[in-house]
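Asker:
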Amino acid sequence: MDISKQEEKLASLVAKQHLVISLLPYVLHPLVAKACIKSKVNMVTASYITPALKELEKSVDDAGITVIGELGLDPGLDHMLAMETIDKAKEVGATIESYISYCGGLPAPEHSDNPLRYKFSWSPVGVLMNIMQSATYLLNGKVVNAEGGVAFLDAVTPMDYYPGLNLEGYPNRDSTKYAEIYGISSAHTLLRGTLRYKVSGCVSDETRRLF
Numbered sequence: 001m002d003i004s005k006q007e008e009k010l011a012s013l014v015a016k017q018h019l020v021i022s023l024l025p026y027v028l029h030p031l032v033a034k035a036c037i038k039s040k041v042n043m044v045t046a047s048y049i050t051p052a053l054k055e056l057e058k059s060v061d062d063a064g065i066t067v068i069g070e071l072g073l074d075p076g077l078d079h080m081l082a083m084e085t086i087d088k089a090k091e092v093g094a095t096i097e098s099y100i101s102y103c104g105g106l107p108a109p110e111h112s113d114n115p116l117r118y119k120f121s122w123s124p125v126g127v128l129m130n131i132m133q134s135a136t137y138l139l140n141g142k143v144v145n146a147e148g149g150v151a152f153l154d155a156v157t158p159m160d161y162y163p164g165l166n167l168e169g170y171p172n173r174d175s176t177k178y179a180e181i182y183g184i185s186s187a188h189t190l191l192r193g194t195l196r197y198k199v200s201g202c203v204s205d206e207t208r209r210l211f
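Just so we're aligned, residue 1 is where the sequence shown starts under full-length UniProt numbering, counting upward by one.
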């Protein structure tokens, strides 16, 4: 079913539910949300709350339903772990000067047996689109913008976590907004990133060139 071309069928399916869990590519979530608003059905998704979803906030409130995003691993569980750590630090009077977090869903090393060293547990298109996103983060008090597309390769850095696994990381979307969300405006460095196994430069480059 292509919900972008079968909106009536989508509306019919949604109307029969009490709760809709959308695991579609993030660009399709607004279509699902609009169908949920029309039928007054609650919705949850693991994806980021995009500007397109944010624009529906008043309609969601008017419909009296709940639409919650960022309920996955990243974003989702990482938010809860971040706030748990930050709150504990504040309880002992600490000031947060730097927050750096990397998160990734990785297959066991012995099963990272393809050129990407990755197993698709969600939309392959979504994974590749995520790689191509531009990103913004705070480093030593300065805002750093990492361009999307092939130029994003320059933002990929080797990770020293578990050296035997040979990991690399790259910044994930706009980290700067979390200074307010996490309550850490005191931080001079703020970066949320994605963790992956390192792949050969030619594989990484050609993958990004697909887009």
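For each residue, glycine too, the CB sits at the ideal point set by N, CA and C.
Does the separation of the CB atoms of Leu10 and Ile3 fall below 8 angstroms?
Answerer: Yes, Cβ-Cβ distance for Leu10 and Ile3 is below 8 angstroms.
Asker: Does the Cβ-Cβ distance between Met43 and Val27 come in under 8 angstroms?
Answerer: no
Asker: Helix, strand or coil for Thr157? Go by DSSP, reduced to three states.
Answerer: strand
Asker: Could you tell me which residues DSSP pairs with Gly193 in its beta bridges?
Answerer: Tyr102 and Pro171
Asker: Taking only runs that begin and end inside the UniProt domain "Saccharopine dehydrogenase NADP binding" (2-68), name each unbroken alpha helix (DSSP H) of 4 or more residues, in chain order.
Answerer: 7-15, 29-39, 51-54 and 57-63
Asker: If you count every other CB in all the chains shown that lies within 10 Å of the CB of Ser186, and 16 or more means buried, which is it?
Answerer: Answer is exposed; the Cβ neighbour count stays below 16.
Asker: In the DSSP assignment, find the unbroken alpha helix (DSSP H) run with Val127 in it and report its ends.
Answerer: In this chain, the alpha helix (DSSP H) harbouring Val127 covers Pro124 to Met132.
Asker: Between Ala108, Gly104 and Pro171, which lies nearest to Met132 when the distance is taken from Cα to Cα?
Answerer: Pro171
Asker: Just the Cα atoms here: how many angstroms apart are Tyr162 and Ser101?
Answerer: 15 angstroms
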